[in-house]
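Numbering (my numbering), first residue to last: 184 to 291.
See below:
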């Protein structure tokens with residue numbers, strides 16, 4: 184993926200995660216909503232000064248917008264959380280099965 188696409192994808196992703204509209208982001212950056220829209224569809228490439236203003240508006244360090252592994256890091260975190268959840272669920276099911284089996288054997 185090109186660096187330009189990475190930056191634009193990260194801007195769009197972070198903007199959506201923070202529930203900020205294109206219009207609001209444009210206000211924060213002192214630019215137009217149409218500029219943000221064209222940028223997010225890869226028709227405009229932001230200058231470094233614009234990237235700095237966008238990072239400031241999104242309250243993230245500018246380098247966060249250049250991270251190519253942002254999606255990979257998120258996927259890794261989801262995988263970790265999923266594994267923790269599966270282990271807790273498995274433990275809970277085994278505990279409940281053990282209790283039911285104990286009750287069943289006691290009733291015999």
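Backbone N, C-alpha and C define an ideal beta-carbon position, used for all residues, glycine too.
#1: If I'm right that residue 214 touches residue 189 with Cβ under 8 Å, what's the distance once you round it to whole angstroms?
#2: As a quick exercise: from 205, 246 and 271, pick the residue whose alpha carbon is nearest that of residue 186.
#3: Which residue spans inside the segment 225 to 255 form an unbroken alpha helix (DSSP H) run of at least 4?
#4: Between the beta-carbon of residue 228 and the beta-carbon of residue 191, is there less than 9 Å?
#5: Taking the alpha carbon of residue 151 as the point to measure from, which residue in 252, 219 and 212 has its own alpha carbon closest?
#6: Whose C-beta lies closer than 7 Å to the C-beta of residue 240 among residues of the same chain, with five residues either side of it excluded?
#7: Taking 9 Å as the cut-off, decide whether the C-beta atoms of residue 194 and residue 248 are in contact.
#8: In the DSSP assignment, the alpha helix (DSSP H) including residue 290 goes from what residue to what residue?
Concretely, from the data shown:
#1: Taking C-beta atoms under 8 Å as the contact rule, residue 214 and residue 189 fail to qualify, at a distance of about 20 Å.
#2: Comparing Cα positions, the closest option is 246.
#3: Listed in chain order, they are 231 to 241.
#4: Yes, they are a contact pair.
#5: Missing from the structure shown is residue 151; the chain here goes from 184 to 291 and no further.
#6: Taken in chain order, the residues that qualify are 208, 211 and 212.
#7: Yes, the pair counts as a contact, with Cβ atoms nearer than the cut-off.
#8: It is not in any alpha helix (DSSP H) - residue 290 carries neither H nor E in the DSSP assignment.
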